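Heads up, the thing below is written out as structure tokens.
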Amino acid sequence: MNETLTCALVEERALVERYVADTLTDAHGRADFEAHVIACPRCQDEIRLAMAVRADLAPLAAGTRRARRVLPLGLGIALAASIAAIILSRAAGTSTRWQDLGAVPVAPIYLGVEVRGTPVRGDSLLALAMKAYDDRRYDAASAGLTGALAAGTDSAPAEFFLGAALLMLDRPEAAAETFGRVIALGDTPYLGEARFYRAKALLRQGNGAAALSELHAVASSSSAVSGWARALADSVESRMRR
Ligand SMILES: [Zn+2]
12 MNETLTCALV
22 EERALVERYV
32 ADTLTDAHGR
42 ADFEAHVIAC
52 PRCQDEIRLA
62 MAVRADLAPL
72 AAGTRRARRV
82 LPLGLGIALA
92 ASIAAIILSR
102 AAGTSTRWQD
112 LGAVPVAPIY
122 LGVEVRGTPV
132 RGDSLLALAM
142 KAYDDRRYDA
152 ASAGLTGALA
162 AGTDSAPAEF
172 FLGAALLMLD
182 RPEAAAETFG
192 RVIALGDTPY
202 LGEARFYRAK
212 ALLRQGNGAA
222 ALSELHAVAS
232 SSSAVSGWAR
242 ALADSVESRM
252 RR
């Protein structure tokens with residue numbers, strides 16, 4: 012199509028909602044939408060919000076999942092969402108290099124975490140570390156998250172964003188190991204994203220086969236990143252056939 016979109020057109024066509032629901036196909040201008048989003052902070056925020064809403068609704072739909080605890084003041088719950096995946100599924104289509112398939116140009120977005128009844132000291136360290144993360148100070152974030160984990164904060168979000176910070180610092184080995192610990196925690200809200208980004212870290216190291224097994228695990232689940240995982244798996248598979 013190659014149409015230059017505006018925010019008004021994005022809104023009019025409900026492209027954000029369709030994108031997040033993974034129903035925006037190439038034939039319906041997926042590429043044009045992604046080209047707009049990469050350059051548009053406003054639409055990035057819309058995606059963030061839409062993913063947060065979906066994350067909130069998902070447990071209700073799943074039924075069997077445990078109930079989420081709710082933030083005080085009715086702020087609601089949000090979890091790790093990844094518009095980074097956007098740009099990636101796109102870049103991956105044409106690239107022939109493992110390094111490019113594993114690239115993460117935009118960090119996973121932090122939307123806040125579930126809070127427990129009784130905060131521990133690690134929780135305030137987590138908040139500080141995530142402030143650094145939001146400011147793209149990934150060195151400070153990774154140091155802070157390591158401290159928060161040692162002080163007993165919930166491990167799933169802290170480990171997930173530690174892995175993300177390491178990925179942004181281009182330390183794929185440490186990132187893969189950290190995401191591996193999130194995956195080992197089992198059914199947390201971060202499981203799908205952790206597999207997806209662990210695959211990214213493995214691709215950065217040139218390990219296509221290991222990346223593929225993570226991507227297949229996400230693709231067959233009902234994670235928010237399943238569609239993106241399938242797209243990336245396709246690219247990895249075609250790279251392996253070369
Ligand atoms: Zn826009």
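In my numbering, the protein residues as written are 12 to 253.
Every residue, glycine too, gets a C-beta built ideally from N, C-alpha and C.
For clarity, every value in this text was computed on a predicted model and none was experimentally measured.
* To do: Identify, in the order they occur along the chain, each residue of the same chain with its Cβ nearer than 7 Å to the Cβ of Ser166, setting aside the five sequence neighbours on each side.
  => Leu160 and Leu196
* Asked: Under a three-way DSSP split, which group does Pro119 fall into?
  -> In the structure shown, the three-state DSSP call for Pro119 is coil.
* **C-alpha distance - Leu16 paired with Cys51, whole-angstrom precision** => 10 Å
* To do: Taking the CB atoms as reference points, tell me whether Leu226 and Val193 lie closer together than 9 Å.
  => no
* Three-state class that DSSP yields for Gln55 in the structure shown -> Correct three-state label for Gln55: helix.
* How would you label Thr164, buried or exposed, when you count the other beta carbons within 10 angstroms and need 16 or more for buried? -> buried
* Asked: To the nearest angstrom, how far is it from the Cα of Ala42 to the Cα of Gly191?
  -> 32 Å
* In three-state DSSP terms, what is Glu14? -> coil
* When we look at the beta-carbon of Ser153 and count the other beta-carbons within 10 Å, is it buried (16 or more) or exposed? -> Counting Cβ neighbours within 10 Å, Ser153 comes out buried, since at least 16 surround it.
* To do: Check whether the Cβ atoms of Val21 and His39 lie closer than 9 Å to each other.
  => no
* Could you tell me the distance, in whole angstroms, from the CA atom of Leu202 to the CA atom of Ser233? => 11 Å
* Asked: For Ala32, which residues from the same chain have a beta carbon less than 7 Å from its beta carbon, with the 5 sequence-adjacent residues on both sides left out?
  -> none
* Asked: How long is the line joining the alpha carbons of Ala118 and Arg253, rounded to whole angstroms?
  -> 30 Å
* Could you name each continuous beta strand (DSSP E) segment of 3 residues or more that falls completely within the stretch 161 to 221, going from the start of the chain to the end? => none
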